[in-house]
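The structure appears below as structure tokens.
Number of protein chains: 2
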Amino acid sequence: MSFSFNFFNPVRINFGTDSLQEAGKIARKYGTNALIVTGKSSMQKFGVLDKLTCILQKSGVNSIVFSDITPNPTVGEIDMAAKVARTNHVDLIIGLGGGSPLDSSKAVAVAAKDNISVWDYLKREPKSALPVITIVSTSGTGSEVNRFSVMTNTKTGEKPGFGYECMYPKESIIDPVIMQSMPKYVTATTGFDVFVHSLEAYTGSLSNPIADSYCEKAFTLLKESLVTAYNEPENIKARSDMAAASALAGLAIDSAGVGIIHALEHPVSGNFPNIAHGAGLAALTVESMKLNINNKTTKEKYARVAHIFGKIKGNKTEEDMAYELLETVKKILTVLNLNVSLKDLKVNEAQLEKIAKEAFTTMNFAVLNNPVQIDENNALKLLKDSFK
Amino acid sequence: MSFSFNFFNPVRINFGTDSLQEAGKIARKYGTNALIVTGKSSMQKFGVLDKLTCILQKSGVNSIVFSDITPNPTVGEIDMAAKVARTNHVDLIIGLGGGSPLDSSKAVAVAAKDNISVWDYLKREPKSALPVITIVSTSGTGSEVNRFSVMTNTKTGEKPGFGYECMYPKESIIDPVIMQSMPKYVTATTGFDVFVHSLEAYTGSLSNPIADSYCEKAFTLLKESLVTAYNEPENIKARSDMAAASALAGLAIDSAGVGIIHALEHPVSGNFPNIAHGAGLAALTVESMKLNINNKTTKEKYARVAHIFGKIKGNKTEEDMAYELLETVKKILTVLNLNVSLKDLKVNEAQLEKIAKEAFTTMNFAVLNNPVQIDENNALKLLKDSFK
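Residue numbers (the working numbering), protein chains in the order written: chain A, 6 to 393; chain B, 6 to 393.
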């Protein structure tokens, strides 16, 4: 069988220990008046924000800071940041932090050019955006190297993802040193996100040899370093591997998309904003895999992932190997202390129906990319099975 | 150990059966007056050139054809094509064919903007280039997706490679149907080029996780489909796999470079233009691998490649596995009828010293990227060992 695909990703990646030091030189290529979009705590607490503003200043880049981005960023926060950008005539947006500030920085870059709410871009392609530089602090969101942004509408609980070509970051600075300060729970949830990105891109309808190559390498790095990064926060080799895995998986979903796990998780943490994205994924992954495993191509690909993860004993069939992956995932979740149900995460059971419906409105592109066709009934059953 | 790297590749890839049909729509984004840069025979013989000009015309893109590119394209040919581009005020260059026309199209795109010889760009970075679209007919050069161009100075025999950011093709059309017409010898030599690109990028000093991911996937596809594409020219699955492998390896060398095999091959076919690049590589690969295998990291990586290629029996050491790869390469060369020495290729033994010297002038970036440090004496010995 032949195959066809399109591939494009113009992000310039600057990867390495202390690459943060390059931020001034890099920013200066695009502007002199930057808005730094970041969260409330960790980047300030660990001094990274102060360091960054200094580095920028030395290269002649002034910066102002918008630090009100919350873990599940809201439309209101993004609109507010865009207003700050407009009022101060900034010519460059720098996203600093994990997935939330990075996603937001891309949305702000778009909304800063118009005088409308960022929510309106779900239906209308923006003409242009301010240049964006991402400086990522977790591994990972993948947001550091792709065009996607996720936002939450607090009125409705909707949490759609969107992305246009003008939203690609111009450059991404990936400095594993910054990640050494990540708390264990964040290492676990964001690390598991890397796994799910890789798994869904690898098995989605849009999968292709280039995205596959990223996924396979990400699986190898996850196998080598996810648990080590979790247990040894300052291990720079493990942090580097995980930072690379996050970027690879972020490139993979940019090309090959995500599937039902992400489609269902967005309305979960959209309606229950205290749930970390990666924890929501953890609760949904095993049941989603059980649903997808019966698809022939998915089974074959699950078997390949199991090969990457495991020392294979004896002559196992492809079927055996595919089911082996389910066991591997359960083990990873246990080691990371992420063996949780939706109930454990305090999802309200009465909301499961609303969550199932929203997957088909705000995340339908992900539903369509899932290897197995899903309807609202399957989705609801999956949510109920993940609730127990 | 941590690692650092930079990564950037902005080429838009359009891959798939009959993607040639999209050429008009794609070209129209960049211009209305195209110069098609191609070779003397195959694209005309198989009707691809006529088909392309028709497809362009239907989208309102006029085209003129420069079809004098030879297998080892010369500075004179490129300067001539650039003059044609200037005289006719074209706004777009389309490279059609194998590595030679594709490399040339990028060089022409640069030289068309100035009134100097393309040779001068070895020392001076061009300010800009006309937009380039590549339509590749072999698998592969890798040139379809990267910024590199190789040209031969017929006066001196020098055959340098060069590449600047403005030389990236805007888009690449990769249609495996076109490749079905490739003669067996071309399938063999270009297919082996994919292997060497992957091997040298995988083990070079600039190797990094993203380029590694491309190489590992390329090795998998080579294992599955190189010999099939050679034996069954019309097998579209094998042609698709090899087209993907060529693109992956082309992306890999764009980021991680090549090594001593390419550094020595360029002066070989530069001085003996009747030698196909892939045949020159075939003559040099085994001895180059023997030299590099003693490097610890290279040994480890050779072992990994052997794992991808082989069914591993028993408990072999990394050392055993690395040497296993040498045997695999010899087998591949035999199956492809490429088990040749420089003597078989009619290289003049008296020229070996000149060839060794030129590797350090025109291809020094490749020498420096080789995992093992090489001096002129090593290089000459390697050439002599590959001559026998």
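Positions of the beta carbon are idealized from the N, C-alpha and C atoms, including for glycine. This one's a predicted model, so the numbers in the text were calculated from it and none came from an experiment.
Handout entry: Residue burial classification, R129/B (beta-carbon count within 10 angstroms, cutoff 16)
Key = As a working mapping, residue 129/B is identified with position 124 in the second sequence. Under this definition R129/B is an exposed residue.
Problem - Burial state of A288/B, where buried means 16 or more other Cβ atoms lie within 10 Å - result: Numbered from its first residue, the second sequence carries residue 288/B at position 283. Of the residues assessed, A288/B falls on the buried side of the cut-off, its CB having 16 or more other CB atoms within 10 angstroms.
Exercise for the section: Determine contact between the region 365-382 of chain A and the region 263-276 of chain A, defined as no fewer than three beta-carbon pairs at a distance below 8 Å. Expected result: With three or more CB-CB distances shorter than 8 Å, the region 365-382 of chain A counts as touching the region 263-276 of chain A.
Handout entry: Close Cβ partners of A254/B (< 6 Å) along its chain, the five nearest in sequence each way excluded
Key = For the purposes of this step, residue 254/B is taken as the residue at position 249 of the second sequence. Excluding positions up to five away in sequence, the list reads G147, V199, H202, S203 and A223.
Problem - Sufficient close CB pairs (3 or more, under 8 Å) joining the region 14-21 of chain A to the region 35-42 of chain A - result: Not touching, per the Cβ criterion.
Handout entry: Backbone CA spacing between M294/A and G100/A [nearest angstrom]
Key = If you number the first sequence from 1, residue 294/A lands on position 289. If you number the first sequence from 1, residue 100/A lands on position 95. Each residue's CA atom was taken as its position, placing M294/A and G100/A some 33 Å apart.
Exercise for the section: Please name the residues in the region 7-31 of chain B whose beta-carbon is closer than 7 Å to at least one beta-carbon of chain A, in chain order. Expected result: From the region 7-31 of chain B, only S7, F8, S9, F10, N11, F12, F13, P15, R17, I18, N19, F20, G21, T22 and S24 have a Cβ closer than 7 Å to chain A.
Practice task
Please say whether V80/B and V137/B have beta carbons closer to each other than 8 Å?
Solution key: The residue labelled residue 137/B in the question sits at position 132 within the second sequence. The residue labelled residue 80/B in the question sits at position 75 within the second sequence. The answer is no: Cβ separation not under 8 Å.
Problem - Cβ of L227/B within 8 Å of any chain A Cβ - result: Against the second sequence, residue 227/B aligns to sequence position 222. Closer than 8 Å: no.
Exercise for the section: Closer than 7 Å by C-beta to E170/A: which residues in its own chain qualify, once you throw out the five before and the five after it? Chain order, please. Expected result: Within the first sequence, numbered from 1, the residue matching residue 170/A stands at position 165. Result list for E170/A: R152, in chain order.
Problem - Distance between beta carbons of I179/B and A252/B, contact taken as under 8 Å - result: Working through the second sequence from its first residue, we reach residue 252/B at position 247. Working through the second sequence from its first residue, we reach residue 179/B at position 174. About 6 Å separates the two Cβ atoms, so the contact holds.
Problem - Alpha carbon of R91/B to alpha carbon of C59/B, nearest angstrom - result: Here residue 91/B is taken as the residue at index 86 of the second sequence, counted from 1. Here residue 59/B is taken as the residue at index 54 of the second sequence, counted from 1. Their Cα atoms are separated by approximately 23 Å.
Exercise for the section: Would you kindly check if the distance between the Cβ of S274/B and the Cβ of G264/B is under 8 Å? Expected result: The residue you call residue 264/B lines up with position 259 of the second sequence. The residue you call residue 274/B lines up with position 269 of the second sequence. No.
Problem - Three-state class that DSSP yields for R17/B in the structure shown - result: Looking up residue 17/B in the second sequence gives position 12. R17/B falls in the strand class under three-state DSSP.
Handout entry: Proximity test, Cβ basis, 8 Å: L253/A and chain B
Key = Position 248 of the first sequence, counted from the first residue, corresponds to residue 253/A. Interface residue, yes.
Exercise for the section: Could you tell me whether the region 22-39 of chain B touches the region 20-36 of chain A, where touching means 3 or more Cβ pairs closer than 8 Å? Expected result: No, because fewer than three Cβ pairs between the region 22-39 of chain B and the region 20-36 of chain A fall closer than 8 Å, the two stretches do not touch.
Problem - Residue-chain proximity (I215/B, chain A), Cβ-Cβ < 8 Å - result: For the purposes of this step, residue 215/B is taken as the residue at position 210 of the second sequence. Answer yes: the Cβ-Cβ gap between I215/B and chain A drops below 8 Å somewhere.
Practice task
Check whether the Cβ atoms of N279/A and K359/A lie closer than 8 Å to each other.
Solution key: Taking the first residue of the first sequence as 1, we reach residue 279/A at position 274. Taking the first residue of the first sequence as 1, we reach residue 359/A at position 354. It is not a contact, given that the beta carbons lie outside the stated cut-off.
Practice task
Determine which residues of the region 102-127 of chain A have a Cβ less than 8 Å from any Cβ of chain B, and write them out in chain order.
Solution key: Against chain B - using a Cβ distance shorter than 8 Å - the region 102-127 of chain A contributes no residues.
Handout entry: DSSP state of T161/A mapped onto helix, strand, coil
Key = Position 156 of the first sequence, counted from the start, is the residue given in the question as residue 161/A. Three-state result, T161/A: coil.
Problem - N67/A - DSSP class collapsed to helix/strand/coil - result: Here residue 67/A is taken as the residue at index 62 of the first sequence, counted from 1. Note: N67/A maps to strand in three-state DSSP.
Problem - Where the beta strand (DSSP E) containing A39/A begins and where it ends - result: Reading the first sequence from its first residue, position 34 is the one you call residue 39/A. Start and end: N38 to G44.
Practice task
Answer yes or no: the CB of I121/A versus the heavy atoms of the ligand ATP, is any distance below 7 Å?
Solution key: Here there are no bound small molecules, and the ligand ATP is not part of this structure.
Exercise for the section: Please list, in chain order, all residues of the same chain as K306/B whose beta carbon is under 7 Å from its beta carbon, the five residues on each side excluded. Expected result: Reading the second sequence from its first residue, position 301 is the one you call residue 306/B. For K306/B, where only same-chain residues beyond five positions count, the Cβ hits under 7 Å are Y207 and T208.
Problem - Minimum C-alpha distance to V155/A - residue among F167/A, I18/A, F51/A and T161/A - result: As a working mapping, residue 155/A is identified with position 150 in the first sequence. The shortest C-alpha separation from V155/A is found at F167/A.
Practice task
May I ask you to report which of helix, strand or coil DSSP gives D73/A?
Solution key: One-based indexing of the first sequence puts residue 73/A at position 68. Three-state DSSP puts D73/A in a strand.
Exercise for the section: Report yes or no: is there a C-beta of chain B within less than 8 Å of the C-beta of A311/A? Expected result: For the purposes of this step, residue 311/A is identified with residue 306 of the first sequence, where counting begins at 1. Answer no: the Cβ-Cβ gap between A311/A and chain B never drops below 8 Å.
Exercise for the section: Less than 8 Å between the CB atoms is what I'm expecting for S186/A and S7/A, so what's the real figure, rounded? Expected result: Looking up residue 186/A in the first sequence gives position 181. Looking up residue 7/A in the first sequence gives position 2. In fact, because the Cβ distance is near 47 Å, the residues do not count as touching under 8 Å.
Problem - Neighbourhood of T139/B by C-beta distance below 6 Å, restricted to the same chain and skipping five residues each side - result: Taking the second sequence and counting its residues from 1, the one referred to as residue 139/B is at position 134. Residues of the same chain with a CB within less than 6 Å of the CB of T139/B, apart from the 5 flanking positions on each side, are G100, L107, E149, P174 and S177 in chain order.
Practice task
Starting from K222/B, find everything on chain A with Cβ-Cβ shorter than 7 Å and list it in chain order.
Solution key: Translated into positions along the second sequence, residue 222/B becomes position 217. Those within 7 Å of K222/B in chain A are P214, D217, S218 and E221.
Handout entry: Against chain A: residues of the region 175-203 of chain B by CB proximity under 8 Å
Key = So the list reads P181, given in the order they occur along the chain.
Problem - Through-space distance from K304/B to E323/B, alpha-carbon basis - result: Numbered from 1 along the second sequence, position 318 holds the residue referred to as residue 323/B. Numbered from 1 along the second sequence, position 299 holds the residue referred to as residue 304/B. Our two residues, E323/B and K304/B, have alpha carbons roughly 7 Å apart in a direct line.
Exercise for the section: Check each candidate in A308/A, K335/A, F314/A and P272/A and name the one with the smallest Cα separation from F365/A. Expected result: Walking along the first sequence from the start, residue 365/A turns up at place 360. With distances taken between Cα atoms, F365/A lies closest to P272/A.
Practice task
Going by CA-CA distance only, name the one from L226/A, P214/A, F392/A and N158/A that's closest to D349/A.
Solution key: Against the first sequence, residue 349/A aligns to sequence position 344. Nearest option by C-alpha distance: F392/A.
Practice task
Helix, strand or coil for S148/A, going by three-state DSSP, please let me know.
Solution key: As a working mapping, residue 148/A is identified with position 143 in the first sequence. If DSSP states are grouped into helix, strand and coil, S148/A belongs with the helices.
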